[in-house]
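Student: Chains A and B are the protein sequences, given in the same order.
Numbering-wise, the first sequence is residues 259 to 720 according to our numbering.
Numbering-wise, the second sequence is residues 75 to 172 according to our numbering.
So that we are looking at the same thing, I have put the structure below in structure tokens.
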Amino acid sequence: MTEFALQQYLDFAYIVAVVLFILSLRFLSSPTTARMGVLAGEIGAALAVLATLFNPEVAQYKWVLIPLIIGAGVGVPLGLVHMTAVPQRTALSHAFGALSAAMIGIAEYYVGTEPVTRFQMGEIGLEVIIGSLTFTGSLIAAGKLQEILPQRPIVYRGQNIVSLSVLALALGLAVALVFNPAHALLFPIMVIVALIFGVLLVTPIGGADMPTVISLLNSYAGFSAALLGFVLNSKVLVVAGALDGSSGFILSLIMCKAMNRSFTNVMFGAFGQVQASTAAAKEERVVRSANPEEAAAILSAASKVVIVPGYGMAVAQAQHKVRELYDVLTKKGVEVRFAIHPVAGRMPGHMNVLLAEADIPYDQLIEMDEINGDFPQTDVALVIGANDVTNPAARTDQSSPIFGMPILDVDKAHTVMVIKRSMNPGFAGIDNPLYYLNQTLMLFGDAKQFVGSIVRELGGGH
Amino acid sequence: MPADFISNLYVFILAGFVGFEVIRRVSPLLHTPLMSLTNALDAIVVVAAIIIAGRHETRLTTILGAIAVAASFSNMVGGFVITDRMLRMFKSGRSKQS
């Protein structure tokens, strides 16, 4: 009887946690309330964990508390990584989440004396497959983002057939297990095949597609947790998994739209992705360039400036110099805003974090759809380390691999300045007609040094 | 089909809709913190891991449970830490001048 009452208290704690989780995400709608969202989430999570420690099913604490301490010991440093490393940290946390969901699913198969029912077997099979493939897939993604693994897509002929056959094999083994749950040999084979599929899923995907991949893995990790909730009949897991899964799913759809990919393309990872055509006809075209002095003169004569940052800016560690440029121009009465493409950076919203870290006020960070109408009234568009997201060929050239991708209409500004190391094409290897326009000035050099020189010319900085 | 499955399906579908409506409202400005926060919330699987490890049924399930506890708890702790760090950096132009 007392145990029954205790169980009810525990359930009640989980319900409170679920409410706090939803509020947590609700608070994230605005930067002013967002930190309260973290607090709500923390209270909810702490409540749920503490309640669970009082669960009478927990017979021993040694193998609970030691892993908790290890987890905290690993988690804190992972929470303190540099902001440019957030994408790989996120991919790694998808891997951890999926690992943990898969481990629990596997344990659930071996737990108890009698074999699981067919229905449970179906749930466990699906859950373990998704968890396992998300685990290895996320590890590959993290390796690519950390640049331990090659960034370029690794492709070979018949890749899709091989990968899909491996997935089919994993699903086939799960079906076989449903018919005979006691067939203990098949289960570990299914897990291994699913782990292999995760590797095959992400290996062919190139660095430029990482924002989509990372969102998709987020969604898989969430749904594997929700499925685990079904297996264990735990509503708190179903809710948290559904929230995480739908969040990742929405983000992958946004990323897809921003890269002009189809819905089915999302569902199957980035199979059959656009291959960059490097064989574009190379005719001699004139490029005009300028030095820091000239660039500074143009910027200080402007009244409206839009800066278009890309991941190249973060690679060059130029964001703090860009902040100085923002300060000195603002002081001169120039209106400076930042145009943020949804796929700028290496994960959704990454560029905003990098600019916020450099202390640039978030009200100056403007989304693509909002700022595109303002480019015709913009005196100077300054592109720093961005390439494909400014390529006007996406609007006009049907033969371009990025045709149809929404871009920032920088070519409509009165003057365009592009800071770039050289005329080499960017990440996707696509030529950018923007550079040959009459109003475009190329500023050749390292982004950090070049912006620093402009700031000095303008009499600012340190 | 077990009755539990049906009630879980109800919860899943409703939570999916709630998630969709709530997350749709999150400003694109905060999409990175959104991902790290949902990651931390998703780490609530730690409660299931604690029970598996704590039940101490067989050596295998205890090991699997212990790995799951460590992996998910590191997500929970790390996810909250990094989300808060990121959100602290977002300052509006108005608040900075004051």
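Note that beta-carbon positions come from the ideal geometry of N, C-alpha and C, so glycine has one too.
Specify the secondary structure class of residue 479 (chain A) as computed by DSSP and reduced to three states.
Tutor: helix
Student: Answer with yes or no whether the minimum CB distance from residue 387 (chain A) to chain B is below 9 Å.
Tutor: With a threshold of 9 Å between beta carbons, residue 387 (chain A) makes no contact with chain B.
Student: According to DSSP, simplified to helix, strand and coil, what is residue 412 (chain A)?
Tutor: The answer is coil: DSSP assigns residue 412 (chain A) none of H, G, I, E or B.
Student: Does any C-beta atom of chain B lie closer than 9 Å to the C-beta of residue 423 (chain A)?
Tutor: Taking CB atoms only, residue 423 (chain A) has no neighbour in chain B less than 9 Å away.
Student: Does residue 690 (chain A) come within less than 9 Å of chain B when only Cβ atoms are used?
Tutor: In terms of beta-carbon proximity, residue 690 (chain A) stays away from the interface with chain B, with every pair separated by 9 Å or more.
Student: Can you tell me where the alpha helix (DSSP H) holding residue 553 (chain A) begins and where it ends?
Tutor: Its alpha helix (DSSP H) spans residues 550-559.
Student: Which of the residues in the region 355-368 of chain A, read from start to end, lie with their CB under 7 Å from any CB of chain B?
Tutor: 355, 357, 358, 359, 361, 362, 364, 365 and 368
Student: Along the region 91-108 of chain B, where does the CB come closer than 8 Å to a CB of chain A? Name the residues.
Tutor: 92, 93, 94, 96, 97, 98, 99, 100, 101, 102, 103, 104, 105, 106, 107 and 108
Student: If you count every other CB in all the chains shown that lies within 10 Å of the CB of residue 445 (chain A), and 16 or more means buried, which is it?
Tutor: buried
Student: Using three-state DSSP, classify residue 615 (chain A) as helix, strand or coil.
Tutor: It is helical.
Student: For residue 488 (chain A), go through chain B and note every residue whose CB falls closer than 7 Å to its CB, in chain order.
Tutor: 79 and 82
Student: Between residue 651 (chain A) and the rest of its own chain, which residues show a CB-CB distance below 6 Å, the 5 nearest in sequence each way excluded?
Tutor: 658 and 691
Student: Check the C-beta distance from residue 352 (chain A) over to residue 396 (chain A) and give it rounded, since I have them as a contact under 8 Å.
Tutor: 4 Å
Student: Using 9 Å as the threshold, is the C-beta distance between residue 348 (chain A) and residue 472 (chain A) below it?
Tutor: yes
Student: Quick check: the region 418-435 of chain A against the region 504-523 of chain A, are there 3 or more CB pairs under 8 Å?
Tutor: no
Student: Flag this pair as yes or no: are the beta carbons of residue 114 (chain B) and residue 153 (chain B) separated by less than 9 Å?
Tutor: Yes. Within cutoff.
Student: Output the distance between the C-alpha atoms of residue 86 (chain B) and residue 364 (chain A), rounded to the nearest integer angstrom.
Tutor: Roughly 22 Å separates the two Cα atoms.
Student: Where residue 501 (chain A) and residue 626 (chain A) are concerned, what is the direct C-alpha to C-alpha distance, given to the nearest angstrom?
Tutor: 26 Å
Student: Rounded to whole angstroms, what is the Cα-Cα separation between residue 455 (chain A) and residue 433 (chain A)?
Tutor: 17 Å
Student: Would you give the residue range spanned by the alpha helix (DSSP H) that residue 402 (chain A) belongs to?
Tutor: Residue 402 (chain A) -> alpha helix (DSSP H) spans 376-403.
Student: On a Cα-Cα basis, can you pick out the residue from A:636, A:567 and A:614 that is closest to residue 559 (chain A)?
Tutor: A:636
Student: When you compare only the Cα positions, how much space is there between residue 469 (chain A) and residue 344 (chain A)?
Tutor: 12 Å
Student: Assuming the contact rule is C-beta atoms closer than 8 Å, residue 641 (chain A) and residue 648 (chain A) should be a hit. Round their C-beta distance to whole Å, please.
Tutor: By a beta-carbon distance limit of 8 Å, residue 641 (chain A) contacts residue 648 (chain A). Their separation comes to about 6 Å.
Student: Under 9 Å, CB to CB, which of the residues in the region 115-139 of chain B have a partner in chain A?
Tutor: 115, 116, 117, 118, 119, 120, 121, 122, 123, 124, 125, 126, 127, 128, 129, 130, 131, 132, 134, 135, 136, 137, 138 and 139
Student: Would you kindly work out how many angstroms separate the C-alpha atoms of residue 136 (chain B) and residue 293 (chain A), rounded to a whole number?
Tutor: 36 Å
Student: Provide the residue span of the beta strand (DSSP E) that contains residue 566 (chain A), from first to last.
Tutor: 562-567
Student: Cβ of residue 310 (chain A) less than 9 Å from any chain E Cβ?
Tutor: Included in the structure are the protein chains A and B, with no chain E among them.
Student: Kindly indicate if chain B contains any beta-carbon less than 9 Å away from that of residue 381 (chain A).
Tutor: yes
Student: For residue 623 (chain A), which residues does DSSP report across the bridge?
Tutor: A:596
Student: Identify the contact partners of residue 582 (chain A) in chain B, using a Cβ-Cβ distance below 8 Å as the criterion.
Tutor: Going along chain B, no residue has its Cβ under 8 Å from residue 582 (chain A), so there is no contact; the nearest lies around 15 Å.
Student: State the start and end residues of the unbroken beta strand (DSSP E) segment that holds residue 677 (chain A).
Tutor: 673-678
Student: Can you pull out the residues from the region 445-478 of chain A whose beta carbon lies closer than 9 Å to at least one beta carbon of chain B?
Tutor: So the close ones are 472, 473 and 476.
Student: How many Å lie between residue 703 (chain A) and residue 568 (chain A) at the Cα?
Tutor: Residue 703 (chain A) and residue 568 (chain A): Cα-Cα distance of roughly 15 Å.
Student: Three-state secondary structure (DSSP) at residue 285 (chain A)?
Tutor: helix
Student: Measuring alpha carbon to alpha carbon, tell me which of A:284, A:458 and A:279 ends up nearest residue 42 (chain B).
Tutor: Here chain B covers residues 75 to 172 and nothing more, so residue 42 (chain B) does not appear.
Student: Give a yes or no on whether 9 Å exceeds the smallest Cβ distance from residue 280 (chain A) to chain B.
Tutor: yes
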